[in-house]
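Engineer:
Protein chains: 2
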Amino acid sequence: MHAEQPVRPGRAKRLPRAVRERQIMDAAVDVFSRLGFHAASMDEISEVAGISKPMLYAYLGSKEELFATCIRREATRMMEAIAHGVEAEEPPDVQLWSGLRAFFGFVGENRASWQVLHRQASSQGGPFARELADMRGRAISLVAALLVHSSDFGDVPRAGDKEAESLAAALVGAGESLADWWLDNPEEPAGVVAARLMNLVWMGFGDLVAGDVWHPPSRRSSPEKGS
Amino acid sequence: MHAEQPVRPGRAKRLPRAVRERQIMDAAVDVFSRLGFHAASMDEISEVAGISKPMLYAYLGSKEELFATCIRREATRMMEAIAHGVEAEEPPDVQLWSGLRAFFGFVGENRASWQVLHRQASSQGGPFARELADMRGRAISLVAALLVHSSDFGDVPRAGDKEAESLAAALVGAGESLADWWLDNPEEPAGVVAARLMNLVWMGFGDLVAGDVWHPPSRRSSPEKGS
DNA sequence: AGGTAAGCCTACTGGCGAGTAGGTAAGGCG
DNA sequence: CGCCTTACCTACTCGCCAGTAGGCTTACCT
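Protein chains in written order, with my numbering: chain A, 1 to 227; chain B, 1001 to 1227.
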């Protein structure tokens, strides 16, 4: 132990910038999700990332910039995951179903991302909430468009845009809340949780109480086996 | 004007402890709702309350105790407001409807309380989240019981408790989210927003698209005039 | 009136954490 | 092989804010 190693203790291996940035972002999402924006310190993020604080500032700028970048990255990943699972040609209920499945699938596999997006981002004032509200707004518009379009299938001429938007907000919120609940009760698979929400918003309690359930038009396996 | 007033500039009028505590709590809820837990400073709270910082500590203890007390007070107020609006003898759908109206009524008249409860409390780790999760849990249980009981009216023997709970979580979340949306779109009255959610969760999109709507059993005025 | 306790204050300390100054190793290229 | 650019570090400053020490003032009670 008295012999000096040529390797200085706190010296990280030299890496190209892009790789380090990825590492740092991953560490930041992890720490932000566990502690929240304010309680998270740049010291801890740098420690988790395996580098020193000045590198953080050199690569990602201030704490706020870093956080905003995290939000943007995770939001983009999520929206892409959902968009990937939905096909625009399908009828509205199937589109909704696909979207829900993709959403819960993403949350199940990216819990930290979800924490950052849903809890942290929305509760910090400043530009973060705007960033997040932006994505949320896009999601709501998407659902609202689906609902309006869906009306064309029935005989109701056209629900008010405001009404569709508020319903979409309720639906998105239901999804968020259910996802949170799921994090605390993770024993059930994503598909089952998604199917529950699908039934709730498509059939309503009234029908469910009467024993009616929604199921996809016999393509894949039915979402809830008759247990 | 050059004569000294006997009133010292920063000296507040003497008041009994109970009254001051109320003032302080009101100020705290206001500041916490605007800035969030961390960004809120005890200095600002004391300033808004019209007293000096040591009084805060003398009366309400540390910042964390103060915040927890705020949460408890507001949560209790809200639960009482809702419980007040619901009568246990009514059929399930009417109970749900009453609860929704009471909820949105409360939020409309206590926006700051709602901000503190929904945004701030849930995003801070620590004992606050527990406090809040507690109330939320009670609300969910309440709704879940309603759903289970509701099943007895139909011919389905009994939905699984887990399923009822997750549906209740989704419903509570939908309410929270819709309340948030409403804060940004406050032009509509509480009753209309409540009616939207009622229709969504009771009828489902499937029925709504087909033109069916739920309405209360002809007692009060109908929730949504045929516009 | 005079005592006294409750209500109120100004003015500090101490620690934590964002952001920085200035220096050290290591890979590439002549 | 030496030079220089890029990656990386240790070790600070500085402001903000939770929490406190110690003293003043006013209402009530006898």
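Backbone N, C-alpha and C define an ideal beta-carbon position, used for all residues, glycine too.
Bear in mind that the values here come from a model prediction, so they are computed numbers and not experimental data.
1) Classify ALA12/A: buried if its beta carbon has 16 or more other beta carbons within 10 angstroms, exposed otherwise.
2) Hey, how far is the Cα of ALA121/A from the Cα of SER52/A?
3) Got a sec? Which residues, its chain only, sit under 7 angstroms from ALA133/A by beta carbon, not counting five neighbours each side?
4) Determine the contact status of GLY204/A and GLY1204/B, defining contact as a CB-CB distance below 7 angstroms.
5) Along the alpha helix (DSSP H) that carries VAL1022/B, what are the first and last residues, could you check?
6) Name the chain B residues that come within less than 8 angstroms of MET78/A, Cβ to Cβ?
7) Can the beta-carbon of PHE1104/B be found less than 7 angstroms from the beta-carbon of ALA1081/B?
8) Let me know the secondary structure DSSP gives GLN1124/B once reduced to three states.
9) If the cut is a Cβ gap below 7 angstroms, which residues of chain B does LEU178/A touch?
10) So which residues of chain B does LEU147/A contact, with C-beta pairs closer than 9 angstroms?
11) Secondary structure at PRO92/A, three-state DSSP: helix, strand or coil?
12) What does SER33/A touch in chain B if you count any residue whose Cβ is under 9 angstroms from its own?
13) May I ask you to report which of helix, strand or coil DSSP gives ALA1164/B?
14) CB VAL29/A to CB SER1150/B, shorter than 7 angstroms?
15) Tell me where the alpha helix (DSSP H) around PRO1054/B begins and ends.
16) Just verifying my parser: in three-state terms, what is the DSSP assignment at ASP134/A?
17) Apply the 10 Å Cβ neighbour rule to ASN199/A and answer buried if 16 or more other Cβ atoms are within range, or exposed otherwise.
18) My output table needs one value for SER1113/B: the three-state DSSP class, helix, strand or coil.
19) Can you tell which of ALA179/A, LEU142/A, VAL192/A has the C-alpha that lies nearest to the C-alpha of ALA164/A?
20) Just curious, the alpha helix (DSSP H) that ASN199/A is in, first and last residue?
21) What residues in the region 1085-1113 of chain B have a beta carbon less than 7 angstroms from any beta carbon of chain A?
22) Does SER1062/B pass the burial test, meaning 16 or more other C-beta atoms within 10 Å, or should it be called exposed?
23) Can you name the residues of chain A whose CB is closer than 9 angstroms to the CB of GLY1036/B?
24) What whole-angstrom Cβ distance do ARG101/A and GLY85/A have, given they're in contact under 8 angstroms?
25) Taking only three categories from DSSP, how would you classify TRP1214/B?
26) Using Cβ-Cβ distances below 9 angstroms, what residues of the region 55-67 of chain A are close to chain B?
27) If we count the other Cβ atoms within 10 Å of its Cβ and call it buried at 16 or more, is ARG1014/B buried or exposed?
28) Taking LEU1197/B and GLY1175/B to be in contact with their CB atoms under 8 angstroms, please state how far apart those CB atoms are, rounded to whole angstroms.
29) Which residue wins for smallest C-alpha separation from VAL31/A, given the options ILE140/A, SER113/A, ARG17/A?
30) If we call anything under 7 angstroms between Cβ atoms a contact, is SER33/A one with GLN115/A?
31) Going by Cα to Cα distance, which pick from SER1098/B, LEU1171/B, ILE1045/B is closest to MET1025/B?
32) If the cut-off is 9 angstroms on Cβ atoms, which residues from the region 18-32 of chain A count as contacting chain B, listed in chain order?
33) Taking 7 angstroms as the threshold (beta carbon to beta carbon), is ALA1197/B in contact with chain A?
34) How would you call ARG138/A, buried or exposed, if buried means at least 16 neighbouring beta carbons within 10 angstroms?
35) Can you find the residues in the same chain that come closer than 7 angstroms, C-beta to C-beta, to PHE1037/B, ignoring five residues on each side of it along the sequence?
36) Out of curiosity, what's the CA-to-CA distance linking MET1079/B and LEU1060/B?
Structural biologist: If we stick to the structure as given:
1) Stepping through the first sequence from its first residue, residue 12/A is reached at position 12. It is exposed - the Cβ of ALA12/A has fewer than 16 other Cβ atoms within 10 Å.
2) Taking the first residue of the first sequence as position 1, residue 121/A is located at position 121. Taking the first residue of the first sequence as position 1, residue 52/A is located at position 52. Taking the straight line joining both Cα atoms gives about 25 angstroms.
3) In the first sequence, residue 133/A corresponds to position 133, counting from 1. Excluding positions up to five away in sequence, the list is empty.
4) Walking along the first sequence from the start, residue 204/A turns up at place 204. Walking along the second sequence from the start, residue 1204/B turns up at place 204. Result yes, Cβ atoms of GLY204/A and GLY1204/B sit closer than 7 angstroms.
5) Translated into the one-based positions of the second sequence, residue 1022/B becomes position 22. In the sequence under discussion, the amino acid at residue 1022/B is Arg, which differs from the Val named in the question. 1017-1035 is the extent of the alpha helix (DSSP H) around ARG1022/B.
6) The residue given as residue 78/A occupies position 78 in the first sequence. Near MET78/A there are no residues of chain B at all, since even the closest Cβ is about 17 angstroms away, more than 8 angstroms.
7) On the second sequence, residue 1104/B is found 104 positions in, with the first residue counted as 1. On the second sequence, residue 1081/B is found 81 positions in, with the first residue counted as 1. Contact flag unset, no.
8) Here residue 1124/B is taken as the residue at index 124 of the second sequence, counted from 1. DSSP places GLN1124/B in coil when its eight states are reduced to three.
9) Here residue 178/A corresponds to residue number 178 of the first sequence, with the count starting at 1. By Cβ distance, chain B contributes SER1166, ALA1169, ALA1170, GLY1173.
10) The residue you call residue 147/A lines up with position 147 of the first sequence. Those are PHE1205, LEU1208, VAL1209, listed as they occur along chain B.
11) As a working note, residue 92/A is residue 92 in the first sequence. DSSP places PRO92/A in helix when its eight states are reduced to three.
12) Indexing the first sequence from 1 puts residue 33/A at position 33. Chain B residues near SER33/A: none, gap ~11 angstroms exceeds 9 angstroms.
13) Translated into positions along the second sequence, residue 1164/B becomes position 164. Correct three-state label for ALA1164/B: helix.
14) Position 29 of the first sequence, counting from 1, holds the residue named residue 29/A. Position 150 of the second sequence, counting from 1, holds the residue named residue 1150/B. Not in contact: VAL29/A and SER1150/B (Cβ atoms no closer than 7 angstroms).
15) On the second sequence, position 54 is the one that residue 1054/B refers to. Looking at the DSSP string, the run of the alpha helix (DSSP H) that includes PRO1054/B is 1053-1060.
16) Numbered from its first residue, the first sequence carries residue 134/A at position 134. Of the three classes helix, strand and coil, the one that applies to ASP134/A here is helix, per DSSP.
17) To locate residue 199/A, count along the first sequence from 1; it is residue 199. Answer is buried; the Cβ neighbour count reaches 16.
18) As a working note, residue 1113/B is residue 113 in the second sequence. The answer is helix: DSSP assigns SER1113/B an H, G or I state.
19) If you number the first sequence from 1, residue 164/A lands on position 164. It is LEU142/A whose Cα lies nearest to the Cα of ALA164/A.
20) Indexing the first sequence from 1 puts residue 199/A at position 199. Run containing ASN199/A: 190-210, per the alpha helix (DSSP H) assignment.
21) none
22) Position 62 of the second sequence, counting from 1, holds the residue named residue 1062/B. It counts as exposed.
23) Mapped onto the second sequence, residue 1036/B falls at position 36. Those are HIS38, SER123, GLN124, GLY125, listed as they occur along chain A.
24) To locate residue 101/A, count along the first sequence from 1; it is residue 101. To locate residue 85/A, count along the first sequence from 1; it is residue 85. The pair is a contact, with the Cβ atoms about 6 angstroms apart (cut-off 8 angstroms).
25) Stepping through the second sequence from its first residue, residue 1214/B is reached at position 214. Three-state result, TRP1214/B: coil.
26) none
27) For the purposes of this step, residue 1014/B is identified with residue 14 of the second sequence, where counting begins at 1. ARG1014/B should be labelled exposed.
28) Counting from one through the second sequence, the residue named residue 1197/B turns up at place 197. Counting from one through the second sequence, the residue named residue 1175/B turns up at place 175. About 6 angstroms separates the two Cβ atoms, so the contact holds.
29) Here residue 31/A refers to the residue found at position 31 when the first sequence is read from its first residue. The shortest Cα separation from VAL31/A among ILE140/A, SER113/A, ARG17/A belongs to SER113/A.
30) Within the first sequence, the letter at position 33 stands for residue 33/A. Within the first sequence, the letter at position 115 stands for residue 115/A. Yes, the pair counts as a contact, with Cβ atoms nearer than the cut-off.
31) The residue you call residue 1025/B lines up with position 25 of the second sequence. Out of SER1098/B, LEU1171/B, ILE1045/B, ILE1045/B has the C-alpha closest to the C-alpha of MET1025/B.
32) none
33) On the second sequence, residue 1197/B is found 197 positions in, with the first residue counted as 1. It should be pointed out that residue 1197/B corresponds to Leu in this sequence rather than to Ala. So yes, LEU1197/B belongs to the interface.
34) Locating residue 138/A in the first sequence gives position 138, where the first residue counts as 1. Classification for ARG138/A: exposed.
35) Position 37 of the second sequence, counting from 1, holds the residue named residue 1037/B. Answer for PHE1037/B: PHE1067, GLN1120, GLN1124, listed in chain order.
36) Position 79 of the second sequence, counting from 1, holds the residue named residue 1079/B. Position 60 of the second sequence, counting from 1, holds the residue named residue 1060/B. Rounded to whole angstroms, MET1079/B to LEU1060/B spans 23 angstroms at the Cα level.
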